[in-house]
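One structure is given here, and the rest of the page talks about it.
In the working numbering, the protein residues as written are 12 to 171.
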């Protein structure tokens, strides 16, 4: 059995806050070849998760604490759906395979559990949205900030 207590979660959150990417995870699965990938992820409002998809895999997020917004996108980059995740709102969201999506932290100390089929497969370039800048791009922060406030129907524009 694997147990993660409040102290473990507090340590994970503190470590994530000190990392350049402002996120960190604890893997619950044994290794990358496991048939089900499970992890606890601490991610801060300053982190940026580029819009991507998993063509053959669903992905489930369960909010443990904090606030986050789960965004899904049409192929043209417009926001299809925005689901606010909070202790008094949605706590679990399952994303169908092939759905363009991203998750943004809306509060310090946000923690989620992610579950998806394994084995682990790195996201290929074709499965990152071409209109969403890579993490190391000068406009990554602008895209993240836009995702934190965008509405259904909106599209990211580098001029924002």
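Glycine included, C-beta positions come from ideal geometry on N, C-alpha and C.
Which same chain residues, not among the five before or five after residue i, have their C-beta less than 6 Å away from its C-beta?
i: residue 140; result: 62 and 111
i: residue 88; result: 142 and 166
i: residue 83; result: 91, 92, 110 and 112
i: residue 56; result: 116
i: residue 118; result: 77 and 78
Taking residue i as the reference, give the member of the options with the closest Cα.
i: residue 59; options: 152, 168, 167 and 161; result: 152
i: residue 81; options: 35, 42 and 160; result: 160
i: residue 46; options: 68, 128, 146 and 138; result: 128
i: residue 48; options: 56, 55 and 37; result: 37
i: residue 43; options: 25, 23 and 130; result: 130
i: residue 39; options: 132, 125, 99 and 134; result: 125
Among the residues of its own chain, which have a CB less than 8 Å from the CB of residue i, if the five just before and after it don't count?
i: residue 96; result: 72, 74, 78, 79, 80, 81, 102, 104 and 123
i: residue 31; result: none
i: residue 162; result: 90 and 93
CA-CA distance, residue i and residue j?
i: residue 41; j: residue 94; result: 31 Å
i: residue 137; j: residue 147; result: 17 Å
i: residue 168; j: residue 14; result: 43 Å
i: residue 18; j: residue 121; result: 15 Å
i: residue 50; j: residue 29; result: 19 Å
i: residue 23; j: residue 86; result: 34 Å
i: residue 145; j: residue 33; result: 16 Å
i: residue 158; j: residue 25; result: 24 Å
i: residue 106; j: residue 16; result: 27 Å
i: residue 150; j: residue 135; result: 21 Å
Once the 5 residues before and after residue i are set aside, which same chain residues still bring their CB inside 7 Å of it?
i: residue 108; result: 65, 66, 67, 68 and 69
i: residue 155; result: 59 and 115
i: residue 164; result: 89 and 90
i: residue 27; result: 33, 34, 35, 53, 54 and 55
- Considering only residues of the segment 91 to 161, which uninterrupted alpha helix (DSSP H) runs meet the minimum length of 4 residues and lie entirely inside it, listed in chain order? 151 to 160
- What residue ranges within the segment 17 to 92 form continuous beta strand (DSSP E) runs of no fewer than 3 residues, ordered along the chain? 34 to 38, 47 to 54, 70 to 76 and 78 to 84
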